[in-house]
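Numbered according to this note's numbering, the sequence shown spans residues 130 to 674.
Cβ coordinates follow ideal geometry from the N, Cα and C atoms, glycine included.
Contents: one structure, followed by commentary.
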Amino acid sequence: MLGTFAGKYAFRSTNASEPFYYLTSYIGQSGIYPSISALAPQTDSEKAILYAQPGPDGGYAIVLVAQAPITEDVSLAYLTGQPDLGTVITDPESRNAQTLRILPLGDHQLGTWSICDTKKRDWTTLGYTLGLDIDMVLLDYLDRAPKPLTTLLSVRVTPSYAELAASKKGQKADLRYVDLTGLDLSGVDFTGADFTGAILNNAKFHGATLTNAVFTGATMTGVDFSATLDGVTTLDGATMSGLDLSSVVWGTGISALGTHFENSLLVGCTIGSSSATAKLSGSFFTGADLSRADLTGAKLCSADLTGANLTGATLDSANLTQATLGGSATAAPAVVAYALMGNGILTEANLFGVNFAGATIYGGETRLDRAATLEGADFSNAYLEDISFSGSNLKGARFDGACLVGADFTNAVLTAFEGSGAPASFVGACLPGAIFTGAHLAGTNFANAAVSFASGEFLVRYCRAEGLLPPLSDDPEPIEYYATTGLDLTTLRPTTVCPNGSTLAANQARGIGLDAMLTAPGAPTSWCAPACLVPSGGGQGRRQP
């Protein structure tokens with residue numbers, strides 16, 4: 130960090146009549162040079178970023194944004210002097226920035242520039258000359274001939290950090306490419322502010338308003354957005370796409386309605402709690418990595434999560450009403466594998482092709498039967514005790530190896546998915562007490578599934594909220610169940626693959642009875658989660674039976 134942000138300015142020439150000339154940058158064959166331009170101060174190149182220097186001599190480090198950068202990335206140019214050559218150049222390395230002294234020319238104006246000659250330990254006045262080719266005129270020193278003009282008047286673009294912190298007014302502030310490392314910006318209203326390319330490492334935004342702010346390309350390691358007694362940080366409509374936000378401290382009551390997080394990294398972030406609702410409705414998480422994130426209680430209504438990675442995430446009591454997680458012809462579905470969701474709300478959510486493999490989904494308020502579509506969803510090895518899929522479109526869905534004790538598939542459609550032709554599959558699934566009354570089972574595969582003919586108990590080991598998976602031999606949990614219902618000659622179709630591995634038609638041709646059809650010698654007698662990826666302490670804990 131070069132110093133404390135002292136504001137962003139455009140420096141204008143003091144000639145009496147227009148056109149006025151502004152400090153800018155020029156790209157030559159061998160580097161980037163400061164120059165004077167007739168352009169109005171409307172682009173980044175005509176805006177200089179100032180950083181106040183500590184110490185008795187004061188002064189400022191001056192940073193220019195290169196005009197027409199050589200690469201697609203914005204190039205910052207740090208002023209540094211070469212008195213022996215009688216000129217000033219720029220350098221791409223911040224460590225080579227040199228302190229300039231800027232003398233005031235009246236109220237709120239910065240004028241005459243001087244640059245320190247470190248060899249002579251004095252200050253030499255910096256000025257400019259107006260040549261025939263204005264864009265090529267470089268800044269130089271006063272002792273050059275002909276004598277240069279020596280004053281540039283400042284036109285303030287953005288207040289300094291001190292002013293922002295005191296007034297709390299930063300609406301529409303131009304903070305592009307500014308270094309705000311470690312600064313406390315709590316409570317400032319940054320509605321519509323532009324932080325494009327800014328360095329915000331370890332900055333604090335407690336209770337700040339960031340509605341419609343733009344963070345494209347910003348560096349945000351350790352940024353703290355958590356709430357304070359002064360209020361909740363607001364990021365509504367902000368653009369935070371393509372950023373590494375994994376170390377950001379979000380706070381649990383943050384508001385980020387309609388915010389853009391496309392392709393950002395939010396690995397392991399805590400963005401919700403059981404006591405404070407994170408408001409994320411309408412936000413865009415397309416392609417974002419939310420693996421192991423804690424979204425407990427988060428409101429994600431109508432959010433776009435296509436292609437998002439939610440592996441091992443905690444979604445206890447999260448509200449995903451009308452959210453889009455399902456894939457399409459142009460977008461991959463979300464991955465919610467090994468996630469923990471207790472009492473989650475998925476009303477009218479698009480779950481087309483979503484990967485729930487190994488997920489732990491439970492709770493009386495969790496109802497997947499209200500989802501808009503579950504076609505092609507993968508629930509392999511998931512824990513789904515007592516979950517209702519009643520009336521759901523589950524064409525081509527996979528439940529292989531899943532724990533479905535007491536699950537309800539009444540009137541569910543479990544036939545083949547038109548896109549791939551693959552039928553729904555329950556291979557090796559645990560189905561004691563499950564209900565299939567009125568279900569559509571043409572082609573459905575129940576090979577080696579466990580079916581119950583009477584009441585009993587089934588031992589399970591599921592992924593707990595504490596992130597622990599105790600050994601099955603120590604403390605397995607018995608789950609009570611009733612007889613499996615609906616797998617009868619009324620519901621089973623000739624192409625249904627029965628638990629014994631043969632289709633209904635093949636079994637009937639061999640004279641095999643219904644009970645034998647539903648009995649598999651290798652069917653599971655207990656169930657154990659294949660893995661538990663939820664971080665220790667995530668979620669609210671599983672409900673008690």
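Practice task
Rounded to whole angstroms, what's the CA-CA distance from residue 341 to residue 364? Just pull it up for me.
Solution key: Locating residue 341 in the sequence shown gives position 212, where the first residue counts as 1. Locating residue 364 in the sequence shown gives position 235, where the first residue counts as 1. Cα to Cα, the separation comes out at about 7 Å.
Exercise for the section: Please go through the same chain and pick out, in chain order, the residues whose beta-carbon is closer than 6 Å to the beta-carbon of residue 470, but skip the five residues on each side of it. Expected result: In the sequence shown, the residue the question calls residue 470 occupies position 341. The answer, listed in chain order, is 444 and 490.
Handout entry: Cβ-based burial, residue 582 [other Cβ within 10 Å; buried from 16]
Key = As a first step, residue 582 must be located in the sequence shown, where it is residue number 453. So residue 582 counts as exposed.
Practice task
State the beta-bridge partners of residue 413 as determined by DSSP.
Solution key: In the sequence shown, counting from the first residue as 1, residue 413 sits at position 284. Answer by DSSP bridge pairing, in chain order: 389 and 433.
Practice task
Compare the beta carbon distance of residue 355 and residue 383 with 9 Å and say whether it is the shorter of the two.
Solution key: Here residue 355 corresponds to residue number 226 of the sequence shown, with the count starting at 1. Here residue 383 corresponds to residue number 254 of the sequence shown, with the count starting at 1. Yes, the Cβ-Cβ distance between residue 355 and residue 383 is below 9 Å.
Exercise for the section: Starting from the C-beta of residue 144, find all residues in its chain whose C-beta is less than 6 Å away, skip the five residues before and the five after it, and write them out in chain order. Expected result: For the purposes of this step, residue 144 is taken as the residue at position 15 of the sequence shown. Cβ within range, chain order: n/a, list empty.
Handout entry: Member of 457, 536 and 480 whose CA lies at the smallest distance from the CA of residue 516
Key = Looking up residue 516 in the sequence shown gives position 387. Considering only alpha carbons, the answer is 536.
Handout entry: residue 224 classed as buried or exposed, judged by whether at least 16 other C-beta atoms fall within 10 angstroms
Key = Taking the first residue of the sequence shown as 1, we reach residue 224 at position 95. By the neighbour-count rule (16 or more Cβ atoms within 10 Å), residue 224 is not buried but exposed.
Handout entry: Cα-Cα separation, residue 474 to residue 462
Key = Counted from its first residue, the sequence shown places residue 474 at position 345. Counted from its first residue, the sequence shown places residue 462 at position 333. Spanning the two alpha carbons is a distance of roughly 18 Å.
Problem - Pick from 162, 439 and 167 that is closest to residue 146, judged by C-alpha positions - result: Sequence index remark: in the sequence shown, residue 146 carries index 17 (1-based). It is 167.
Exercise for the section: Identify every residue that forms a DSSP beta bridge with residue 384. Expected result: In the sequence shown, the residue the question calls residue 384 occupies position 255. The partner list for residue 384 (beta bridge, DSSP) reads 363 and 408.
Exercise for the section: Find out if the Cβ-Cβ distance for the pair residue 322, residue 300 is shorter than 9 Å. Expected result: Counted from its first residue, the sequence shown places residue 322 at position 193. Counted from its first residue, the sequence shown places residue 300 at position 171. The answer is yes: Cβ separation under 9 Å.
Practice task
Note the first and the last residue of the continuous alpha helix (DSSP H) segment covering residue 373.
Solution key: The sequence position of residue 373 within the sequence shown is 244, counting from 1. Here residue 373 belongs to no alpha helix (DSSP H), and DSSP marks it neither H nor E.
Practice task
Check whether the Cβ of residue 412 sits closer than 8 Å to any heavy atom of the ligand COA, and report yes or no.
Solution key: Inclusion of the ligand COA in the displayed structure is not the case, the ligand content being empty and no account of it being possible.
Handout entry: Option nearest residue 584 by Cα separation, candidates 576, 613, 407 and 188
Key = The residue labelled residue 584 in the question sits at position 455 within the sequence shown. Closest option to residue 584, Cα to Cα, is 613.
Handout entry: Rounded straight-line distance, which links the Cα of residue 633 to that of residue 645
Key = Translated into the one-based positions of the sequence shown, residue 645 becomes position 516. Translated into the one-based positions of the sequence shown, residue 633 becomes position 504. So the two alpha carbons sit approximately 11 Å from each other.
Handout entry: Runs of beta strand (DSSP E) wholly within the stretch 136-210 (minimum 3 residues, chain order)
Key = 151-156, 161-166, 177-181 and 189-194
Handout entry: Nearest to residue 492 (by Cα), restricted to the options 647, 447 and 324
Key = What you label residue 492 is simply residue 363 of the sequence shown in a count that begins at 1. The option with the nearest alpha carbon to residue 492 is 447.
Problem - residue 498 - DSSP class collapsed to helix/strand/coil - result: Counted from its first residue, the sequence shown places residue 498 at position 369. Of the three classes helix, strand and coil, the one that applies to residue 498 here is helix, per DSSP.
Practice task
Inspect the beta-carbon positions of residue 305 and residue 138 and report whether they are closer than 9 Å.
Solution key: On the sequence shown, position 176 is the one that residue 305 refers to. On the sequence shown, position 9 is the one that residue 138 refers to. Cβ distance not < 9 Å, so residue 305 and residue 138 don't count as in contact.
Handout entry: residue 588 versus residue 312 - alpha carbon distance
Key = Numbered from 1 along the sequence shown, position 459 holds the residue referred to as residue 588. Numbered from 1 along the sequence shown, position 183 holds the residue referred to as residue 312. Rounded to the nearest angstrom, the two C-alpha atoms are 54 Å apart.
Exercise for the section: Sort 421, 450, 426 and 425 by Cα distance to residue 437 and report the nearest one. Expected result: Here residue 437 refers to the residue found at position 308 of the sequence shown. It is 421 whose Cα lies nearest to the Cα of residue 437.
Practice task
Kindly indicate which residue of 239, 179 and 164 has the alpha-carbon position closest to the one of residue 219.
Solution key: Stepping through the sequence shown from its first residue, residue 219 is reached at position 90. If we check each option's Cα against that of residue 219, 164 comes out closest.
Problem - Proximal residues to residue 393 (C-beta, below 7 Å), its chain only, five neighbours per side dropped - result: By 1-based counting over the sequence shown, the position of residue 393 is 264. Hits under 7 Å: 369, 370, 371, 372, 374 and 417.
Exercise for the section: Give every residue of the same chain whose Cβ lies closer than 8 Å to the Cβ of residue 477, excluding the five residues on either side of it in the sequence, and list them in chain order. Expected result: Your numbering for residue 477 matches position 348 in the sequence shown. Here the set comprises 450, 451, 499, 500 and 501.
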